[in-house]
Amino acid sequence: MTSPADPALTGSRIPEAVHRRRWAILGVLMLSLLIVVLDNSILNVAIKTISTPAPTGLGATQSELEWAINSYTLVFAGLLFSAGLLGDRLGRKRVLLGGLAVFGIGSALAATAGSPTELIAFRAVMGLGAAFVMPATLAVLMNVFEREEQPKAIGIWAGGVGLAIAIGPITGGVLLDHFWWGSVFLINVPIVILAVALMVWLVPDSRDPNPGRIDPIGVVLSVVGLVLLVYGIIKGGQLADFTDAAVLSTIGAGLAVLVAFVVFEARSDHPSIDVTYFKNKVFSAAIAAIALVFFALMGVTFFSVFYTQSVRGYSPLETGLLMLPLAAAQMIFAPRARLVVDRFGNKATTTAGLLVIAATLAAFAGFEADTPIWILEVVFFLMGAGMAHIMTPVSVVIMQALPREKAGSASALSNTFRQVGGALGIAVLGSVLSTAYRNGVEDKLSLLPAGLRHTAGESIEATLGVAEKLGPRGNALIGPAHDAFLHAMHVTALWGAGVAVVGAVVVAVFLPGKPPAAQKDEEGRELVTAAE
Numbered sequence: 169m170t171s172p173a174d175p176a177l178t179g180s181r182i183p184e185a186v187h188r189r190r191w192a193i194l195g196v197l198m199l200s201l202l203i204v205v206l207d208n209s210i211l212n213v214a215i216k217t218i219s220t221p222a223p224t225g226l227g228a229t230q231s232e233l234e235w236a237i238n239s240y241t242l243v244f245a246g247l248l249f250s251a252g253l254l255g256d257r258l259g260r261k262r263v264l265l266g267g268l269a270v271f272g273i274g275s276a277l278a279a280t281a282g283s284p285t286e287l288i289a290f291r292a293v294m295g296l297g298a299a300f301v302m303p304a305t306l307a308v309l310m311n312v313f314e315r316e317e318q319p320k321a322i323g324i325w326a327g328g329v330g331l332a333i334a335i336g337p338i339t340g341g342v343l344l345d346h347f348w349w350g351s352v353f354l355i356n357v358p359i360v361i362l363a364v365a366l367m368v369w370l371v372p373d374s375r376d377p378n379p380g381r382i383d384p385i386g387v388v389l390s391v392v393g394l395v396l397l398v399y400g401i402i403k404g405g406q407l408a409d410f411t412d413a414a415v416l417s418t419i420g421a422g423l424a425v426l427v428a429f430v431v432f433e434a435r436s437d438h439p440s441i442d443v444t445y446f447k448n449k450v451f452s453a454a455i456a457a458i459a460l461v462f463f464a465l466m467g468v469t470f471f472s473v474f475y476t477q478s479v480r481g482y483s484p485l486e487t488g489l490l491m492l493p494l495a496a497a498q499m500i501f502a503p504r505a506r507l508v509v510d511r512f513g514n515k516a517t518t519t520a521g522l523l524v525i526a527a528t529l530a531a532f533a534g535f536e537a538d539t540p541i542w543i544l545e546v547v548f549f550l551m552g553a554g555m556a557h558i559m560t561p562v563s564v565v566i567m568q569a570l571p572r573e574k575a576g577s578a579s580a581l582s583n584t585f586r587q588v589g590g591a592l593g594i595a596v597l598g599s600v601l602s603t604a605y606r607n608g609v610e611d612k613l614s615l616l617p618a619g620l621r622h623t624a625g626e627s628i629e630a631t632l633g634v635a636e637k638l639g640p641r642g643n644a645l646i647g648p649a650h651d652a653f654l655h656a657m658h659v660t661a662l663w664g665a666g667v668a669v670v671g672a673v674v675v676a677v678f679l680p681g682k683p684p685a686a687q688k689d690e691e692g693r694e695l696v697t698a699a700e
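The sequence shown runs 169 to 700 under the working numbering.
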């Protein structure tokens with residue numbers, strides 16, 4: 169005899185007990201997602217404080233700040249796919265709990281770091297934990313919601329990213345106003361404890377009945393290749409010389425290892441990334457859209473904090489509040505973006521979103537020290553709206569392109585390219601910023617001792633730090649530092665806008681347009697057909 173919870177009676181493949189609490193489960197998954205995204209959004213506000221000398225901060229240079237962000241991102245991106253496979257094999261709930269525990273330990277260690285090097289290392293530990301959290305949240309979601317509810321659930325899930333972006337800078341600002349810089353990491357610990365308790369209680373386990381094999385060689389090749397490539401790019405920006413032999417050799421070695429990774433994956437019978445997926449132009453375009461938008465946005469977010477704090481003089485809390493429109497727009501539009509897709513199709517929605525992102529990034533090229541702050545607020549709001557109309561449609565395309573039991577792999581692919589795009593954005597645009605700044609300010613540093621000249625030219629914070637130590641004599645450096653930074657920001661913003669335009673062209677050419685009405689009889693049919 170079958171029970172009322174039997175899928176055969178309910179017409180559902182999901183047990184009734186799980187179906188009833190699916191929205192509560194989504195809430196727990198969003199809490200887990202929150203800490204992963206919250207960490208980066210908090211750090212964005214804290215980077216200026218961390219760059220100030222002890223005891224206020226750690227005295228981190230711009231290149232060390234880039235590594236503090238990218239050590240997390242590169243470990244995260246390099247392990248995401250294997251983490252998704254482990255979740256498919258061992259059970260998504262078990263992997264989620266383990267990832268949260270590692271993330272919490274890494275956060276506690278980062279809060280007590282005594283040097284930039286220790287912070288970089290402990291951020292890598294946090295990235296290790298986050299790699300097991302992110303893909304498992306979306307994989308569990310795909311296994312507790314029926315297909316017709318998946319686009320709505322994914323939209324709410326994507327809106328959770330906006331919530332984290334809103335909470336992060338404000339929380340970071342409040343903490344930095346009252347506590348030491350390490351509090352921005354320590355705040356993760358109680359959230360982890362709450363998420364673990366709720367997950368043990370509410371979230372069901374799921375796994376792939378036919379999981380893939382782990383690919384350790386692929387993981388090593390991808391991480392080594394990305395680290396070498398990013399190191400070379402950041403080093404070139406630090407030296408303001410991309411023709412330096414060490415820079416060129418490191419970038420070349422990184423590219424060579426990444427080529428070896430692609431060749432190995434194509435020949436492996438259990439690849440980390442199944443490169444055959446990318447033969448499909450629609451799937452590739454959706455992945456490219458995610459990578460390019462995060463390339464542009466992460467790079468611009470990096471310099472916008474220095475614009476608001478170092479040039480405009482806002483506190484960390486005020487900076488966090490200034491970013492509220494960006495987060496509010498994501499929370500408003502991300503859950504509703506699917507309605508725009510229903511009306512206009514994936515191509516029009518995503519292309520328009522990327523063009524809006526390009527326009528908002530280009531707007532930074534016109535910002536000066538006295539630009540009315542309401543203009544920045546409008547730009548942030550439009551940026552959030554554009555991002556919401558990119559992430560939701562492309563996430564649905566990617567997630568519904570693979571069978572439900574491969575949800576961990578699909579999520580890992582999406583997040584891998586999101587993180588790689590963000591890491592390269594910080595490295596490339598951060599190096600553009602560093603190079604342009606040094607070229608703009610170095611002739612004003614000629615009166616400094618030779619030992620201080622190179623250090624002072626690395627970033628606006630370094631210049632202002634030297635100026636403060638010089639007392640009244642250093643006041644002459646403040647104006648040129650601001651001018652050089654604004655010029656560097658303008659150049660970097662235009663690079664970011666150009667990348668977003670490239671993304672718009674890619675999706676306009678390759679994503680499917682609005683399907684005929686007859687194709688919409690089955691929910692999501694047009695997305696699946698386009699990706700298969």
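Every residue, glycine too, gets a C-beta built ideally from N, C-alpha and C.
CB of residue i within 8 angstroms of CB of residue j, strictly
| i | j | result |
| --- | --- | --- |
| Ile594 | Phe512 | no |
| Ala363 | Leu248 | no |
| Ala276 | Val357 | yes |
| Tyr482 | Leu492 | no |
| Gly225 | Trp349 | yes |
| Ala245 | Gln587 | yes |
| Gly589 | Phe678 | no |
| Val598 | Leu613 | According to the sequence as given, residue 598 is Gly; it is not Val. Going by C-beta atoms, Gly598 is not nearer than 8 angstroms to Leu613. |
| Leu397 | Ile419 | yes |
| Ala676 | Tyr605 | no |
| Val168 | Leu268 | The chain is shown from 169 up to 700; residue 168 falls before or after that span and cannot be answered. |
| Arg190 | Val312 | yes |
| Thr660 | Val600 | yes |
| Val415 | Gly400 | yes |
| Thr560 | Ala505 | yes |
| Val308 | Val368 | no |
| Ala497 | Phe549 | yes |
| Leu194 | Ala281 | no |
Sequence-distant residues of its chain with Cβ nearer than 6 angstroms to residue i (five each side left out)
| i | result |
| --- | --- |
| Phe585 | Ile455, Ile458 and Ala459 |
| Tyr240 | Arg291, Met294 and Gly295 |
| Ser351 | Leu343 |
| Ala304 | Gly255, Arg260, Val263 and Leu264 |
| Met169 | Bear in mind that a pLDDT of 36 at Met169, under 50, signals an unreliable position, so the number given afterwards is only what the model happens to contain. Counting only Cβ-Cβ distances below 6 angstroms, and skipping sequence neighbours, we find nothing. |
| Tyr701 | A query on residue 701 cannot be resolved here, the shown segment of the chain reaching from 169 to 700 and no further. |
| Thr697 | Confidence at Thr697 is low in this model, with a pLDDT of 36, below 50, so the placement of that residue should be treated as unreliable; the coordinate-derived value is given next. Closer than 6 angstroms at the Cβ level, and outside the excluded window around Thr697, lies no residue. |
| Val468 | Leu529 and Gly664 |
| Phe353 | Ser275, Ala278 and Ala279 |
| Ile288 | Trp235, Ala236 and Ser239 |
| Ser627 | Gln230 |
| Ala298 | Val204, Phe244 and Phe271 |
Unbroken alpha helix (DSSP H) run spanning residue i, endpoints
| i | result |
| --- | --- |
| Gly420 | Ala413 to Arg435 |
| Val508 | Ala505 to Ala531 |
| Trp369 | Asn356 to Leu370 |
| Gly350 | Careful: Gly350 lies outside any alpha helix (DSSP H) and carries neither H nor E. |
| Thr487 | Pro484 to Leu490 |
| Ile273 | Arg260 to Ala279 |
Spatial neighbours of residue i in its chain, beta-carbon cut-off 8 angstroms, leaving aside the 5 residues before and after
| i | result |
| --- | --- |
| Asp689 | Its pLDDT being 47, under 50, Asp689 is placed unreliably by the model, and nothing is read from it. |
| Thr487 | Val213, Pro337, Gly341, Val473, Thr476 and Gln477 |
| Asp345 | Ser483, Pro484 and Leu485 |
Residues of its chain near residue i, where Cβ-Cβ distance is below 7 angstroms and the 5 sequence neighbours each way are ignored
| i | result |
| --- | --- |
| Leu662 | Ala530 and Ala533 |
| Val461 | Leu522, Ile525, Met555, Ile558, Ala668 and Gly671 |
| Pro648 | Val609 and Lys612 |
| Gly642 | Val634, Ala635 and Glu636 |
| Thr339 | Ile210 and Ile355 |
Quiz prompt | Whole runs of the alpha helix (DSSP H) within the region 623-688, excluding any shorter than 4 residues | solution = 628-638 and 643-678
Quiz item: Any contact of the region 670-681 with the region 518-536, i.e. 3+ C-beta pairs under 8 angstroms?
Solution: yes
Quiz prompt | the region 229-240 in contact with the region 380-393 per 3-pair CB rule at 8 angstroms | solution = no
Quiz prompt | Runs of beta strand (DSSP E) lying entirely within the region 543-568, each at least 3 residues, in chain order | solution = none
Quiz item: Taking one C-beta from the region 638-658 and one from the region 597-615 each time, how about it: are there three or more such pairs within less than 8 angstroms?
Solution: yes
Self-check item: Secondary structure, alpha helix (DSSP H): runs of 4+ residues fully inside the region 443-479
Solution: 449-474
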